[in-house]
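Protein chains in written order, with the numbering used here: chain G, 1 to 313; chain R, 314 to 630.
To start, the structure itself, in structure tokens.
See below:
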């Protein structure tokens, strides 16, 4: 453990020593690509070997990946699965931009530089065991990670709702139970989640079979509307997805008076808090501040990002 | 004796590598990366600091470009008093030398920030008269030798700690500006700051950077930086004023070229973003070069450019 000196204000002295907790918490690994699969509509799932990152990752944390030596900046990708025993990390992405397009060409056996895990992940409130997890598009991965992480916690009721405009890159199975407030048209769930004993339902505006026809936040709204007051008092929301979806999630959080944490994205350079390039304006008790998405986030309290919608909006 | 040790305007540095302002926060951020150590750098320049706190620019603040990137952070910082009271006491001054980066909107602000840092454990001050990303101050002072000299003289009057002037490449005659700054009391130079640039999204027809313009850094600017170092070195070598050469340095070979062009130390910034352990690798590469060329000290390389019979490079342009 390294220490810093804080005594003898304002000069450093060597007497009182406090652990430097941030030191050595992010790992740089030359990760071998173990599997790289393409799915419909330009979706890819890549699995790499990065044992240190896999051991320390938490749901909501991300990896900063050097997609190709010729691409100047790394690209942040949310971690979808982290298997401590095997040291594997898994990511889902769409090849948007030069960096991720280069990553899509990398093959099993090749190595990529992975800097991970980075960021403060989801910290669900233990006083609210009923968790609604809403994921959209490339915001799905951290929701999968959270669900897998929480699946064996006793006393939790997890409801996962996912939205996508393209076919889900996962195996789907018919849902086995009816859920209050969820239309029968939303008849499919994720096979993986069924295995884990976690309820999940899907939404799509693209007419995908077995999916609720509309926004995932409208699907979530139906479920919340059907919840009792007592249930809502035990409910919280976690979410990750495109900005309009997060905004709609914020409206749900305000409307039902629920705590809500969201994972956000921003263009990023260093990924370790050094450059302040990825900041987001947040509002707290002390007014506005610019917070770094990489190390202050990527998970934020939704109320610090989105103001309460005015009545009638 | 450590062959990489070098004297930089009175500061004893354990390595010629300087981690650059704006890239490493306030000195602790990169220690998050396992294997990274502040001891790998001879000095670390902290984030640009103003008298009052600044929120900085609206997003987006960074954008990748060919062999580089644009940034327009806008001097986000908590203000000099917070830096001195809350941040400096948490830095380990046994690990490396810490240099403050001083910014302002007026000559008086530069002088006041410098005065406050003078009364702190900071090892030296870098006067940033070349930040391209704020409306007032910054590069407005750096583009005119007379204005630059005014800022330097005002800062010089309030400190005896080393004053490093960070020069802009966005000016007609960088050597003339360096001359004015030496005459006003500058102890050293940082050459160069970023070049001004822009990016546009053809779909939205909007500028990508929130500030519209940003500073270009990375390997794309390396040849420009190398020439500017050469030009400034030719101007100030007779004064013995040392230079931190910076601009796209990522390998030991890059560092060697800057040393040969006349910089006593080499800055590493953008390279950290893709290679957080770059400083360690450059140190190893420099040590190996010294060894294989039978040199005892990195200082022997500074300005050791062999121009042969080549024509003099024009001092400006």
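Note that beta-carbon positions come from the ideal geometry of N, C-alpha and C, so glycine has one too.
> Counting along the chain, where does the beta strand (DSSP E) carrying residue 439(R) start and finish?
Replying inline: 437-441
> How would you label residue 438(R), buried or exposed, when you count the other beta carbons within 10 angstroms and need 16 or more for buried?
Replying inline: buried
> Just how far apart, CA to CA, sit residue 476(R) and residue 385(R)?
Replying inline: 25 Å
> Using the beta-carbon of each residue, which ones in chain R are nearer than 7 Å to residue 72(G)?
Replying inline: 377, 380, 381, 382, 531 and 587
>> With a threshold of 8 Å between beta-carbons, can residue 428(R) be considered close to chain G, or not?
In response: no
> Among the residues of its own chain, which have a CB less than 6 Å from the CB of residue 122(G), if the five just before and after it don't count?
Replying inline: 59, 60, 146, 238, 261 and 299
> For residue 418(R) versus residue 442(R), is the C-beta distance shorter than 8 Å?
Replying inline: no
> Roughly how many angstroms separate the alpha carbons of residue 115(G) and residue 348(R), rounded to a whole number?
Replying inline: 12 Å
> Can you tell me the Cα-Cα spacing of residue 487(R) and residue 23(G), whole angstroms?
Replying inline: 40 Å
> Would DSSP call residue 283(G) helix, strand or coil?
Replying inline: strand
> Of all the residues that make up the segment 570-599 of chain R, which are near chain G by a beta-carbon distance shorter than 7 Å?
Replying inline: 585, 586, 587, 589 and 590
> Can you pull the DSSP bridge partners for residue 336(R)?
Replying inline: Answer is none; residue 336(R) lacks a bridge partner.
> So which residues of chain R does residue 266(G) contact, with C-beta pairs closer than 8 Å?
Replying inline: 372 and 373
> Per DSSP, which one or two residues make a beta bridge with residue 215(G)?
Replying inline: BP columns for residue 215(G) are empty, so no partner.
>> So, does the segment 268-286 of chain G touch the segment 236-252 of chain G, judging by three or more C-beta pairs under 8 Å?
In response: no
> Would DSSP call residue 492(R) helix, strand or coil?
Replying inline: helix
> What does DSSP give as the partner residues of residue 376(R) in its beta bridges?
Replying inline: 383(R)
>> Counting only Cβ-Cβ distances shorter than 7 Å, please list the residues of the segment 314-336 of chain R near chain G, keeping chain order.
In response: 335 and 336
> Of all the alpha helix (DSSP H) runs that stay within the bounds of the segment 458-536 of chain R, which reach a length of 4 or more residues?
Replying inline: 458-469 and 487-497
> Name the chain R residues that come within less than 8 Å of residue 25(G), Cβ to Cβ?
Replying inline: 345 and 347
>> Determine whether the beta carbon atoms of residue 340(R) and residue 411(R) lie at a separation below 8 Å.
In response: yes
>> Give me, in chain order, the residues of the same chain whose beta-carbon lies closer than 8 Å to that of residue 161(G); leave out the 5 immediate sequence neighbours on both sides.
In response: 132, 133, 134, 135, 200, 201, 202, 203, 216, 219, 220 and 223
> So residue 390(R) and residue 362(R) are in contact, right, with Cβ under 8 Å, and what is the actual spacing, rounded?
Replying inline: 5 Å
> In terms of residue numbering, what span does the alpha helix (DSSP H) encompassing residue 593(R) cover?
Replying inline: 591-605
> So is residue 473(R) buried or exposed if we call it buried at 16+ other beta carbons inside 10 Å?
Replying inline: exposed
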